[in-house]
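Chains as they are written, first to last, in the working numbering: chain A, 1 to 300; chain B, 301 to 572. Cβ atoms here follow ideal geometry from the backbone N, Cα and C, with glycine treated the same way. Below is one structure, written out as structure tokens; comments come after it.
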Amino acid sequence: MATTTEPPGRSPADDGDLAELEAGLDALESFSTPRISLLTRLRRSVLPPAVAVLLFLGIWQLVWALHVKADWLLPSPAETWREAAGSWSQWDVGTAVFNSVYRGLSGFAVAMLIGTPIGLTVWRFRVVRTSLGPILSGLQNLPSVAWVPIGILWFGISPATIYMVVLVGAVPSIAIGVVSGLDQVPPLYLQVGRNLGARGFSAARYILLSAAAPGYLAGLKQGWAFAWRSLMAAELIAVAPQLGPGLGQLLEQGRNNTDAGQSFTAILLIFLAGIGINALIFAPLERRILRDRGLTGRRA
Amino acid sequence: MTTPDIAGVAEAIPHHTTPHAAESADAVRLTGVGKTFGRTDDVPVLQGVDLRIAAGEFVCVIGASGCGKSTLLTIIAGLEPASAGEVAVPAGRASLMFQDSALFPWLTAGRNVELALRLRGLPRAQRRTEAEELLALVRLHGAYDKRVHQLSGGMRQRVALARALAQGNRVLLMDEPFAALDAITRDALHGELTRIWRETGIAVLFVTHNVREAVRLGQRVILLSSRPGRIAREWSVDIPQPRRIEDTAVAELAREITADLHREISRHGDDH
Numbered sequence: 001m002a003t004t005t006e007p008p009g010r011s012p013a014d015d016g017d018l019a020e021l022e023a024g025l026d027a028l029e030s031f032s033t034p035r036i037s038l039l040t041r042l043r044r045s046v047l048p049p050a051v052a053v054l055l056f057l058g059i060w061q062l063v064w065a066l067h068v069k070a071d072w073l074l075p076s077p078a079e080t081w082r083e084a085a086g087s088w089s090q091w092d093v094g095t096a097v098f099n100s101v102y103r104g105l106s107g108f109a110v111a112m113l114i115g116t117p118i119g120l121t122v123w124r125f126r127v128v129r130t131s132l133g134p135i136l137s138g139l140q141n142l143p144s145v146a147w148v149p150i151g152i153l154w155f156g157i158s159p160a161t162i163y164m165v166v167l168v169g170a171v172p173s174i175a176i177g178v179v180s181g182l183d184q185v186p187p188l189y190l191q192v193g194r195n196l197g198a199r200g201f202s203a204a205r206y207i208l209l210s211a212a213a214p215g216y217l218a219g220l221k222q223g224w225a226f227a228w229r230s231l232m233a234a235e236l237i238a239v240a241p242q243l244g245p246g247l248g249q250l251l252e253q254g255r256n257n258t259d260a261g262q263s264f265t266a267i268l269l270i271f272l273a274g275i276g277i278n279a280l281i282f283a284p285l286e287r288r289i290l291r292d293r294g295l296t297g298r299r300a
Numbered sequence: 301m302t303t304p305d306i307a308g309v310a311e312a313i314p315h316h317t318t319p320h321a322a323e324s325a326d327a328v329r330l331t332g333v334g335k336t337f338g339r340t341d342d343v344p345v346l347q348g349v350d351l352r353i354a355a356g357e358f359v360c361v362i363g364a365s366g367c368g369k370s371t372l373l374t375i376i377a378g379l380e381p382a383s384a385g386e387v388a389v390p391a392g393r394a395s396l397m398f399q400d401s402a403l404f405p406w407l408t409a410g411r412n413v414e415l416a417l418r419l420r421g422l423p424r425a426q427r428r429t430e431a432e433e434l435l436a437l438v439r440l441h442g443a444y445d446k447r448v449h450q451l452s453g454g455m456r457q458r459v460a461l462a463r464a465l466a467q468g469n470r471v472l473l474m475d476e477p478f479a480a481l482d483a484i485t486r487d488a489l490h491g492e493l494t495r496i497w498r499e500t501g502i503a504v505l506f507v508t509h510n511v512r513e514a515v516r517l518g519q520r521v522i523l524l525s526s527r528p529g530r531i532a533r534e535w536s537v538d539i540p541q542p543r544r545i546e547d548t549a550v551a552e553l554a555r556e557i558t559a560d561l562h563r564e565i566s567r568h569g570d571d572h
């Protein structure tokens with residue numbers, strides 16, 4: 001290698017070599033996530049749960065065949081299916097599903113509108129965090145069914161009672177999600193943001209909120225789960241004709257009619273509605289957030 | 301291509317202090333700068349640092365770990381106040397780059413660059429073209445839509461460099477930006493940085509613990525002592541560019557500087 005005792009001119013060849021070297025390095029070291037065909041994706045995402053469901057049904061069938069419980073207490077899968085299919089044609093099951101999902105989602109939306117600013121306030125102000133933080137986690141641990149009697153005393157058996165229980169169930173999870181999402185933002189991002197000129201509102205808008213999105217979404221998911229189970233608990237207890245049918249009421253009806261098939265059907269519907277909302281709303285959001293950030297958890 | 305734009309923007313940035321005719325050539329001016337964390341009677345991290353960086357100059361700072369190199373940069377960047385002395389950046393403001401590219405993973409490479417342009421107040425219509433030009437400047441044509449996790453470490457640092465240039469500042473502060481890269485990539489990026497520094501004419505303050513890297517890149521090399529961080533010695537590097545890290549002249553000066561660096565570090569062993 002030549003030593004540079006005298007200034008060698010900046011040869012274009014040197015620059016070209018560098019460009020080629022770099023292009024080579026880039027090609028070797030970067031990779032793009034391969035697109036997977038729809039068929040492969042379906043096989044990967046649908047097949048395993050389908051097998052799991054079949055296994056579950058098989059075990060159910062087996063337990064039924066062994067006559068552990070009387071037929072009217074533990075109906076066979078086929079009997080439950082007939083019951084579900086039969087009752088579906090009655091108008092009130094459709095209404096029950098619609099009512100419950102509507103109550104769940106609207107209650108969740110309101111919980112989001114309340115929980116998010118609470119979370120932001122708790123995160124932002126130390127005094128609020130030390131005073132309100134423990135109460136929030138306490139409320140999150142408290143089963144929200146506990147509020148049903150108070151709700152009935154205050155509002156009677158009315159939608160207000162049901163919504164109150166849903167809110168008490170979902171708001172703490174959402175607020176805690178906001179706090180933990182923001183807590184996990186790497187300080188380096190904030191430093192870079194400040195250097196880029198993001199301060200106050202623009203820092204929150206362009207950096208903080210985006211950076212906190214994964215934690216926030218986790219909080220929302222948990223908030224939905226809490227909203228849904230709180231709703232079921234409230235509906236199960238608060239039964240009145242003026243409320244109209246809901247899935248919780250359907251459960252209770254099954255008990256009153258000593259019809260285990262109906263209760264099983266209701267459980268199945270509650271289960272399906274819960275995972276349905278998750279699959280339609282939260283899973284796509286989560287997939288997108290994680291894929292953009294390269295956090296698919298898959299090994300490269 | 302991109303150079304006139306950047307220069308134009310820098311002129312538009314209002315100066316914090318009205319520079320005197322003789323001083324206006326300074327990009328950064330530190331006078332007696334000190335920094336103490338915690339109690340005031342603790343050993344200062346930085347003490348009496350006088351440093352001038354001329355417009356368009358490339359200065360490297362070396363020193364052992366904990367000598368306050370990074371603190372010096374955060375003070376110049378305005379992220380941390382100095383405890384003593386005066387800090388002036390007559391050229392406007394300074395852009396900052398770290399060992400971690402700190403690219404925002406929720407944005408594409410191009411959008412990362414655009415965010416800097418947007419926060420600078422550039423109208424939407426210009427952002428896309430400007431961002432693409434800056435990516436081309438760091439030889440990443442076509443990486444606009446790439447996600448951060450799809451880029452190699454070297455590519456990330458180049459996007460981070462494009463983002464720093466997008467801020468339109470005439471001073472670039474670099475805190476060990478290549479320390480986490482493999483030797484081949486680092487070598488290539490030395491060439492890139494030298495080229496971009498020449499094309500844009502910005503002043504660079506480059507912090508590293510790699511003496512050869514400092515000699516390979518800088519016009520001046522400054523040795524910072526530890527606890528307290530002071531300017532211990534300074535060399536001007538008269539080896540013409542383009543240099544290579546394996547050049548004999550680079551190695552010779554690096555050996556001399558390393559000897560001083562070791563002496564500086566050994567001094568602390570006597571304290572105990």
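Which residues DSSP lists as bridging S395(B), in chain order: L472(B)
Contact check, L21(A) vs A488(B) under 8 angstroms by CB: the rounded distance? 5 angstroms
Any beta-carbon of chain A closer than 7 angstroms to the one on L346(B)? no
Spatial neighbours of L415(B) within its chain, please: C-beta separation below 8 angstroms, excluding the five flanking residues on both sides. F404, L407, R463
Which value, in whole angstroms, describes the spacing of the CA atoms of I565(B) and I522(B)? 15 angstroms
Just how far apart, CA to CA, sit A573(B) and G177(A)? This structure leaves residue 573(B) out entirely; chain B is present only between 301 and 572.
CB contact check: E307(A) to chain B, cutoff 7 angstroms: Lying before the first or after the last residue shown, residue 307(A) is absent from chain A, which here runs from 1 to 300.
To the nearest angstrom, how far is the alpha carbon of A554(B) from that of A425(B)? 47 angstroms
Leaving out five residues on either side along the sequence, give the residues of the same chain with a beta carbon under 6 angstroms from the beta carbon of R393(B). N469
Can you give me, in chain order, the residues of the region 172-206 of chain A that have a beta carbon less than 9 angstroms from any beta carbon in chain B? P186, L188, Y189, Q191, V192, G193, R194, N195, L196, G197, A198, S202, Y206
Can you give me the C-alpha to C-alpha distance between A377(B) and N99(A), rounded to a whole angstrom? 57 angstroms
So is V345(B) buried or exposed if we call it buried at 16+ other beta carbons inside 10 Å? buried
Would you grab the beta carbon distance between V349(B) and L372(B) for me? Rounded to a whole angstrom, and I think it's under 8 angstroms. 7 angstroms
Would you check if the distance between the CB atom of A160(A) and the CB atom of F108(A) is smaller than 7 angstroms? no
Within 8 angstroms of chain A by C-beta, residues of the region 466-478 of chain B in sequence order: Q467
Hey, A211(A) and V179(A): beta-carbon distance below 7 angstroms or not? no
Through-space distance from Q519(B) to E492(B), alpha-carbon basis: 16 angstroms
If we call anything under 7 angstroms between Cβ atoms a contact, is M232(A) one with I281(A)? no
In angstroms with no decimal places, state the Cα-to-Cα distance between A27(A) and D445(B). 16 angstroms
Here's a check: name, in chain order, each residue in its chain whose Cβ is nearer than 6 angstroms to the Cβ of Q262(A), leaving out the five neighbours to either side. G254
Find the nearest neighbour of I456(B) within the set I353(B), S401(B), L379(B), N412(B), judged by alpha-carbon distance. One detail in the question is off: residue 456(B) reads as Arg in this sequence, not Ile. Ranking the options by Cα distance to R456(B), first place goes to S401(B).
Whole-angstrom Cβ separation of A466(B) and A443(B), contact assumed at under 8 angstroms? No, A466(B) and A443(B) are not in contact; Cβ-Cβ is about 14 angstroms, not under 8 angstroms.
Does the CB of W406(B) have a neighbour CB from chain A at under 7 angstroms? yes
To the nearest whole angstrom, what separates the beta carbons of S328(B) and V471(B), a pair I think is in contact under 8 angstroms? Ser is not the amino acid found at residue 328(B); the sequence shown has Val there. About 6 angstroms separates the two Cβ atoms, so the contact holds.
Since Q347(B) and R530(B) should fall inside the 8 angstroms C-beta cutoff, what is the C-beta to C-beta distance between them, to a whole number of angstroms? 6 angstroms
With 16 other Cβ atoms within 10 Å as the buried cut-off, status of E323(B): Reliability of the predicted coordinates at E323(B) is poor, the pLDDT of 46 falling under 50, and the value obtained from them is presented with this limitation in mind. E323(B) should be labelled exposed.
Contact defined as beta carbons within less than 8 angstroms: I believe E386(B) pairs with G332(B). What is the distance between those atoms, to the nearest angstrom? 7 angstroms
Grouping DSSP H, G and I as helix and E and B as strand, with all else coil, what is H320(B)? Summary for H320(B): the model assigns pLDDT 44, below 50, so the residue's position carries little reliability, and this model does not support an answer.
Just tell me which of P528(B), E476(B), E499(B), V504(B) has its CA closest to the CA of N510(B). E476(B)
CB contact check: R516(B) to chain A, cutoff 7 angstroms: no
Going by DSSP, name the residue or residues bridged to G529(B). L346(B)
Contacts of L18(A) in chain B (Cβ-Cβ under 8 angstroms): A488, G491, E492, R495
Expected contact under 8 angstroms - CB spacing of L62(A) and P77(A) to nearest Å: Between P77(A) and L62(A) the Cβ distance is about 10 angstroms, and since that is not below 8 angstroms, they are no contact.
How about I174(A) and G104(A): are their beta carbons less than 7 angstroms apart? no
Mapping DSSP to helix, strand and coil, what is S566(B)? helix
Check the DSSP bridge columns for W535(B) and list the partner residues they point to. V521(B)
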